[in-house]
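Take the sequence shown: its letter number 18 is residue 18 in full-length UniProt numbering, and every next letter is one higher.
The structure appears right after this line, and notes come after that.
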Amino acid sequence: MSRRRQIYEGKAKILYEGPEPGTLIQYFKDDATAFNAQKKGTIQGKGVINNRISEYVFTRLNHIGVPNHFIRRLNMREQLVRQVEIIPIEVVVRNVAAGSISKRLGIPEGDMLPHTLIEYCYKDDALGDPLVAEEHIRCFGWAGHDEMQDIADMAIRVNDFLCGMFAAINIRLIDFKLEFGRIWDGDFSRVILADEISPDGCRLWDMATGEKLDKDRFRRDLGGEEEAYQEVARRLGLLQDDNGPSEVFDLSKHRKLRGK
């Protein structure tokens, strides 16, 4: 497909004008960032893997009635999506304490939460994506009451589905982030799931070993980022293994290199 006008470039993706009104082409980059882009790098092949994983997840979510922006994958790094008006809120769904919540509240990483927790962050890199309450979201008009109910309901449904999907391949879903957007029909709008779902925005731990299979390997300088992303795709059946079933994912060589 010929390159079209660029609409937006983010940390992990580029959006181009789509072939039809109301569509966009979403291009997945290999760029990796952490800590609001204070740390930057590259994970070779990440964009290809994330494109495939996100396609797989969004297609399956569509099958269970979760509306989303995905239309179809175009090639190794691009997919066609519906153009939405992004709601400037990151929705963080937590099942196990990890990352920022452990730092903020002193909860040991790995502790199961009493129940699934939904947090909201205002999407603004300059402000560090601050944590906000639903009252802030309604007060400043980022989303209405009914929209927030729809977002919370979809977030819980997505979490239930993903927990089961990953558990079936011996991966524990620790937490993940979602983004939502509005699509319009005249004067009326509805909220649908947007952006991507991939190891970039999910914490995924191997159930047997506890190994991290996500971007925390980049954030924490653990090494093995490419292998971790590939392992998630392999377990989902998205990578063909010509040599038969792979052995259990093992990052011992990276621990040895780091003296751990």
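Idealized CB from N, CA, C, for every residue including glycine.
query	result
Under 7 Å between C-beta atoms of L162 and F180	no
Cβ distance (whole Å) where M76 is taken to contact N50 below 8 Å	Contact doesn't hold; Cβ gap of about 11 Å is too wide.
Cβ neighbour criterion (16 or more within 10 Å) applied to K40	exposed
Inside the region 187-235 only - alpha helix (DSSP H) runs reaching at least 4 residues	216-219 and 225-235
For D124, the nearest candidate out of T209, P88, Y229 and E109 (CA to CA)	P88
Every unbroken alpha helix (DSSP H) inside the region 129-181 [4 residues or more]	134-139 and 145-167
Cut-off 8 Å between Cβ atoms - residues of its own chain near I64, not counting five sequence neighbours on either side	R157 and F161
As assigned by DSSP and simplified to three states, the class of A12	coil
Of the listed residues R182, V91 and P67, nearest to P130 (C-alpha basis)	V91
Meets three-Cβ-pair contact criterion under 8 Å: the region 171-187 and the region 195-204	yes
Among P19, G45 and Y27, the one whose alpha carbon lies nearest that of L239	G45
Residues near L15 in its chain [Cβ-Cβ closer than 8 Å; skip 5 each side]	Q6, I7, Y8, E9, L24, I25, Q26 and Y27
Cβ shell of P21 (< 7 Å), same chain only, five flanking positions each side left out	none
Distance between L236 and R182 (C-alpha atoms, nearest Å)	30 Å
For I118 and A152, believed in contact at Cβ under 8 Å, the rounded distance	6 Å
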